[in-house]
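Student:
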Amino acid sequence: MRPDLHHLFRIDKLPHIWCPGCGHGIITRTIGEAIAESDLDLEQTVIVSGIGCSSRASGYMNFDTLHTLHGRALAFATGVKLSNPQLNVFVLTGDGDATAIGGNHFIHAARRNINLNVILFNNNIYGMTGGQYSPLTPTGKMATTSPYGNIENNFDIPALAIASGASYVARGTAFHDKLLVDCIKEGIKNKGFSLIEAMSMCPTSYGRRNKMGTPADMLNDLKTSAVNINVAKKLTPEKLEGKFLIGTLHHKPYREFTEEYDKLIDRLRKEDI
Amino acid sequence: MTMRKASLIQGNRACTEGALAAGVRFYAGYPITPSTEIAEIMSEELPKLGGKFVQMEDEIAGMACILGAALTGKKVLTASSGPGISLKQEAIGYAAMAEIPCVIVNVQRLGPSTGGPTSSAQGDIMQARWGTHGDHPIIALCPSSVYECFTLTVTAVNFAEKFRTPVYVLLDEIVGHMRENVELPTYEEIKIIDRKKPTCAPKEYKPYKIDESMIPAMADFGTGYKWHVTGLFHDETGFPTGKTDVIDSQLNRLMTKFSKYEDEILLWEENQLEDAEILLVAYGSTARSALDAIETLRNEGIKVGLFRPITIWPFPEKVLRGKLEKLKHIIVPEMNYGQLMLEVERVCKDKVSVSGLFKVNGLPITPDEIIAKVREVL
Amino acid sequence: MKRWEFRLSGSGGQGLITAGIILGEAAVLEGKEVVQSQSYGPEARGGASKAEVIIDTKKIHYPKVVLPDIILAMSQEAAQKYGSEIKENGIIVIDSSMVDDFKHDKVKVLKIPITKLAKDEVGKTFTANIIAIAFLVGLTKVVSFDSLKQAVLNRIPKGTEAMNTKAMEIGWQWSQEKL
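Those protein sequences? They're chains A, B and C, same order as listed.
Just so we're aligned, residue 861 is where the first sequence starts under this note's numbering, counting upward by one.
Just so we're aligned, residue 2 is where the second sequence starts under this note's numbering, counting upward by one.
Just so we're aligned, residue 4 is where the third sequence starts under this note's numbering, counting upward by one.
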């Protein structure tokens, strides 16, 4: 790890628990880089996470950190941010945590456009419990609870976030780490709900069962499947078949929840005088 | 604060005013009958005080949200009923495990399931004690009057802050919705307790290290202490551990952390207990019926008394055991199928026989029904 | 003073809980002990609604009406549901504009066109609850007219003082004629 990032991590808690070849370590590092390059007050920064592989990241980060309940990170984070809007609040969550058990909190936090920076580690599987299918396991793929291939459909996370009211939505991957850092930095700048889907990979519980080769092969898959949104604009639909977009997918700032609440408090104070 | 004069106040309002007087400045919850007035009044009053109210997307989120706010240093409260309290259990367990101060007001309605939203019941007594998985201690206070809705909510907030624990205020629908003429205490008359904060440098801070108080100091998020909060078993640094000896000592400490404060936590009321031969153990609105029954029976020369646990959990068992000498029988009237009677039996049955008077149809237990039960056991 | 138990019944939206609160607040102004409670169905409008008020000079423990001294019934359903159990010397007051058919063979029944009076004399149907409560106060003298007036004025929206005062006077007058 870059020595200039050491102060952002709890080095004494390493090595982390993630499997060899897991993409989560790279994504966690990109969050550190984005924070380092965003000139945030580190003492005024809180990292909230849910439950699952992704959510263990909070324990390795040197801030006030809140490792919550499965699916509930956004509900806890809403309390932290609304209670003290001065705090920079990050939410680290996974595909199952954010869109299955926590799906309700996900759409409502986005609807409020509350100023949270959400990094959703998407490894397409429930890794920690041993490889059950999630709402992001592609149709047809194998998981321990879809032993004949997944017959369910997936969420389109950016579309879900945009439809729910998120004001900044982006996607990066564990391969496109520089882009991911830039997206997280843009999310930090955005005064509202920022959702960054970070495509990760789970060789142990997903890749192995779906014969996706080595972790390097999976990383290469991320590289070849991703198309930058600026490039995609020039491509035909045929060329985009089977690909996913990366980069800033949506950015439309509008009224933010905690600011509106503070305005309400001011209004009532003035009426009182 | 100016002197308040007597006025006709609803139990749910008194509870809310107690919370605000105790310093609660953050509320998150979800609308549910018969607790909704608490959320409505909070939404009106909190922003005027610079506090925050948010109506969350569900009951679970309401509970989780107040815990997040508590970690930034706020005094927090949520209110709900039956189905909502069931949904909150996981996060209540989290609050017990991570030792986050919070108050949960449960305006009890008829259950199970959707049950009777506007009907009164006392069916959540055991849920308050054992509702979440695993072992942890809990404090539950049970008001009988509108005045106590105010004072016991103040006490609940104080206990939550002092002992870093979730605290229940268990109203029943009757107490929550009735209006009584009361003169609430002035702010000057109220004792306020704030949580203990660390005085050491951030580098030395161990969030679950205790002193003789048994209660660790709690740093607000955003003050440089950079600590880790988790629902996993953790050591005194707050980080997860799988060491069985550490788990053992941490859970032992959790289970006993307010044992030495029993004198402060255990609250109860006695009525004509000195010479009583028949004892009524009643709480909440049912205790009011018991008082009327006692008056009638005493006029006939029947020696009946009341023991009213105000602190339901921990149950004031030593206190009650000290009252058994002259008793011939104990009756526990309650709007459930004998939840607190189980506890009274556990504590008393080797010395005095115990029977219950149960009514679970949404209606209160009347004084006449208690009188009839007393005559039955005479 | 004896313990007074009032049961005010009708359908949701008629303002009976407000009427109960106003009666209670009038008694509080006179330093009396009061407990007010209610039961209601899930409907915000319609459905049987019941407000209870107990007024006493000594501490009230059991907070519900045991056997009412006074029953007010402002709907057919409420009259049938709540109009039977009453003290021997109790009085049942029926809104004859809302209840077609009601009989009680043991106690006195007074039939008053409360809602019609509100509509025709005051011009606003929603003042029916104020006419009703003034009638009950006039009938029982449980509180003074002045205390009732103060309690009403404390609670009603600004700008409605005149019509509510008129409603009170109508209710009071009818009670004096019926006595």
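Yeah, the Cβ is synthetic: ideal placement off N, Cα and C, and Gly gets one too.
Since we're looking at a predicted model, the values are computed, not measured.
Give the list of continuous alpha helix (DSSP H) stretches no shorter than 4 residues that lie fully inside the stretch 143 to 171 of chain C.
Tutor: With a minimum length of 4 residues, the continuous alpha helix (DSSP H) runs that stay inside the stretch 143 to 171 of chain C are 148 to 158.
Student: Rounded to a whole number of angstroms, what is the C-alpha to C-alpha distance between lysine 1130 of chain A and lysine 1051 of chain A?
Tutor: Spanning the two alpha carbons is a distance of roughly 25 Å.
Student: Taking Cβ-Cβ distances shorter than 8 Å, what residues in chain B pair up with aspartate 1132 of chain A?
Tutor: Lys49
Student: Between the stretch 1076 to 1084 of chain A and the stretch 1003 to 1016 of chain A, do three or more beta carbon pairs fall short of 8 Å?
Tutor: no
Student: For leucine 947 of chain A and valine 230 of chain B, what's the separation of their Cα atoms in angstroms?
Tutor: Answer to the nearest angstrom: the Cα atoms are 17 Å apart.
Student: Out of B:Tyr169, B:Ser260, B:Glu149, point me to the one whose CA is closest to valine 158 of chain B's CA.
Tutor: The shortest CA-to-CA distance from valine 158 of chain B to any of B:Tyr169, B:Ser260, B:Glu149 is the one to B:Tyr169.
Student: Strictly below 9 Å CB to CB, what residues from chain B border glutamate 903 of chain A?
Tutor: Residues of chain B passing the Cβ test: Pro203, Gly223, Thr224, Gly225, Tyr226, Lys227.
Student: Going by the beta-carbon positions, is the gap between isoleucine 979 of chain A and alanine 1058 of chain A smaller than 8 Å?
Tutor: In contact: isoleucine 979 of chain A and alanine 1058 of chain A (Cβ atoms closer than 8 Å).
Student: With 8 Å as the threshold, decide whether the Cβ of tyrosine 85 of chain C is near any Cβ in chain B.
Tutor: With a threshold of 8 Å between beta carbons, tyrosine 85 of chain C makes no contact with chain B.
Student: So, does the CB of asparagine 300 of chain B fall closer than 8 Å to a CB anywhere in chain C?
Tutor: So no, asparagine 300 of chain B is outside the interface.
Student: Alpha carbon to alpha carbon, what distance is there between serine 260 of chain B and aspartate 59 of chain C?
Tutor: 43 Å
Student: Quick one: grab the DSSP three-state call for threonine 130 of chain C.
Tutor: In the structure shown, the three-state DSSP call for threonine 130 of chain C is helix.
Student: Show which residues of chain D have a CB atom less than 8 Å away from the CB atom of threonine 367 of chain B.
Tutor: Judged by its chain identifiers, the structure shown contains no chain D, and its protein chains are A, B and C.
Student: Quick one: what's got a C-beta closer than 8 Å to serine 150 of chain C's C-beta in the same chain, skipping five residues either side?
Tutor: Ala29, Ala30, Leu32, Glu33
Student: Less than 8 Å between the beta carbons of alanine 129 of chain B and aspartate 173 of chain B, yes or no?
Tutor: no
Student: State yes or no: is the beta carbon of alanine 1030 of chain A nearer than 8 Å to at least one beta carbon in chain B?
Tutor: no
Student: Go ahead and pull the three-state DSSP assignment for asparagine 253 of chain B.
Tutor: helix
Student: Glutamate 60 of chain B and glycine 85 of chain B: beta carbons closer than 8 Å?
Tutor: yes
Student: Would you report the Cα separation of threonine 905 of chain A and glutamate 1046 of chain A, rounded to the nearest angstrom?
Tutor: 16 Å
Student: Given this structure, state the Cα-to-Cα distance separating glycine 223 of chain B from proline 945 of chain A, to the nearest angstrom.
Tutor: 11 Å
Student: With a threshold of 7 Å, establish whether the CB of proline 310 of chain B neighbours any heavy atom of the ligand FMN.
Tutor: The ligand FMN is not part of the structure shown, which contains no ligands of any sort.
Student: Along chain C, which residues have their Cβ under 9 Å away from the Cβ of isoleucine 1 of chain B?
Tutor: No answer is possible for residue 1 of chain B: the residues shown for chain B start at 2 and end at 379.
Student: Which parts of the stretch 61 to 129 of chain B are runs of the beta strand (DSSP E), unbroken and 3 residues or longer, counting only runs that do not cross its ends?
Tutor: 76 to 81, 103 to 111, 117 to 121
Student: Measuring CB atoms only, is the stretch 45 to 56 of chain B touching the stretch 91 to 101 of chain B, in the sense that at least three cross pairs come out at less than 8 Å?
Tutor: Between the stretch 45 to 56 of chain B and the stretch 91 to 101 of chain B there are fewer than three C-beta pairs closer than 8 Å, too few to call the two in contact.
Student: Taking 8 Å as the threshold (C-beta atoms), are valine 305 of chain B and tyrosine 338 of chain B in contact?
Tutor: no
Student: Output needed for leucine 942 of chain A: all residues of its chain with C-beta closer than 8 Å, excluding positions within five of it in sequence on either side, in chain order.
Tutor: Ile974, Phe1117, Thr1118, Tyr1121
Student: For histidine 137 of chain B, which residues in the same chain have their Cβ closer than 8 Å to its Cβ, ignoring the five residues on either side in sequence?
Tutor: Gly94, Ala97, Met98, Leu255, Met256
Student: Between B:Gly124, B:Glu100, B:Ile140, which lies nearest to proline 317 of chain B when the distance is taken from Cα to Cα?
Tutor: In terms of CA proximity to proline 317 of chain B, B:Ile140 leads the group B:Gly124, B:Glu100, B:Ile140.
Student: Any Cβ of chain B within less than 8 Å of the Cβ of asparagine 973 of chain A?
Tutor: no
Student: Less than 8 Å between the C-beta atoms of glutamate 265 of chain B and leucine 307 of chain B, yes or no?
Tutor: Against a cut-off of 8 Å, the Cβ pair of leucine 307 of chain B and glutamate 265 of chain B comes out as no contact.
Student: Please confirm whether glycine 12 of chain B and valine 176 of chain B have their CB atoms less than 8 Å apart.
Tutor: Cβ atoms of glycine 12 of chain B and valine 176 of chain B: closer than 8 Å.
Student: Report the rounded CA-to-CA distance for asparagine 182 of chain B versus glycine 18 of chain C, giving the unit in angstroms.
Tutor: 21 Å
Student: List the residues of chain A whose Cβ lies closer than 7 Å to the Cβ of methionine 98 of chain B, in chain order.
Tutor: Result: empty, since nearest Cβ-Cβ is about 10 Å, beyond 7 Å.
Student: Which partner residues does alanine 1003 of chain A have in the DSSP bridge list?
Tutor: For alanine 1003 of chain A, which the question treats as bridged, DSSP gives the partners A:Ser1006.
Student: Excluding sequence positions up to five away, which residues of its chain have a Cβ less than 8 Å from the Cβ of asparagine 1090 of chain A?
Tutor: For asparagine 1090 of chain A, where only same-chain residues beyond five positions count, the Cβ hits under 8 Å are Gly1107.
Student: Taking the straight line between their C-alpha atoms, what separation do you get for tyrosine 1066 of chain A and serine 915 of chain A?
Tutor: 18 Å
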